[in-house]
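Inspection log for the structure reproduced underneath, given as structure tokens.
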Amino acid sequence: MARSSDSNFFLAIVRDKTFQAREIRRVIMLTFIYLAITTALVGVFYHQMLGRLLDGMAPLLFVSEDMALANEALPTLSDVLGNWLIAMLLVNAGITIMLGIFITRRLGHPILAIKRSLREIGDGNLDVRLRESDKNEFGEIAGELTDAMRSVREQIRAARAGINQVGELEANAGNAEDINQALSECRNALDYFQIDRPSSSANDDSSSVNQKAA
């Protein structure tokens, strides 16, 4: 059985131009923008605080001797704040990376797997299975899709068996009743798909036309 999965998942995220991949990239981009804005605001705040201390505009919380000691300690305080900003940047970057990995693995991977399986089905591969172990909406969608494909395979198998039976009956000069029975079974299997069933909108349009004609 083929299994729908993406080995190069992160490469597919970068190359894929579909709506789902774009949304994931937008979430990651917004996270980095938030990181940059937060870091810039904190840096501006502490820069202004240091400027106020240097200009003597801070509240008079110290006596003159303490202010002299504070002025001597300002270079060291600046280094401490710089190191603190770097540490905060690294922590935020780590959180951002973990958040991005969580989003892409929890949302992007199932979406791309479902998309790939649908593409394989469109190419004629009806032997596709999706992972159903996820206890979320994607797991339910995968289960429904797997059940639908199982029903389609069973009906196609029944139609193929009916066609093979007709061929065998014709080769063995079977009677018309047996051939008609095999054709009826094949027709019943194909009627399962209901591809010619009119839509509700078409029924509404036809009923309105009939009313106008009456």
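Residue numbers for the sequence shown follow full-length UniProt numbering, beginning at 1 and rising by one.
Think of the CB as a built atom: it goes at the ideal place given N, C-alpha and C, for glycine as much as any other residue.
Can you list, in chain order, the residues of its chain with a C-beta nearer than 6 Å to that of residue i? Leave out the 5 residues immediately preceding and following it.
i	result
E185	G162
P110	F138
D123	none
N164	none
M57	Low per-residue confidence applies at M57: pLDDT is 48, beneath 50, and the placement is therefore not dependable, though the value from the model is reported in the following sentence. Nothing listed; no residue qualifies.
M29	none
Here's the rule: buried if 16 or more other CB atoms are within 10 angstroms of the residue's CB, otherwise exposed. What is residue i?
i	result
T104	buried
F138	buried
S151	exposed
L130	buried
L145	buried
L60	The predicted model places L60 with a pLDDT of 48, which falls under 50 and marks its position as unreliable; any figure quoted below should be read in that light. So L60 ends up on the exposed side.
Select from the options the residue whose C-alpha is nearest the C-alpha of residue i.
i	options	result
I141	G100, S117, I37	S117
G167	A182, E154, T146	A182
V27	E120, K115, G108	G108
L85	D147, R153, L35	L35
residue 260	G82, N92, F102	Here the chain covers residues 1 to 214 and nothing more, so residue 260 does not appear.
V44	G82, D147, L90	G82
I114	G143, L90, Q155	G143
R25	F102, L90, H47, E177	F102
Which same chain residues, not among the five before or five after residue i, have their C-beta less than 7 Å away from its C-beta?
i	result
T31	T96, L99, G100
D147	none
Counting only the same chain and skipping the five closest in sequence on each side, list residues whose C-beta sits under 8 Å from that of residue i.
i	result
M88	T39, V42
R153	L126, D127
I121	V128, M149
DSSP three-state call for residue i: helix, strand or coil?
i	result
L99	helix
List in chain order: all unbroken alpha helix (DSSP H) runs of 4+ residues lying wholly within the segment 102-168.
109-122
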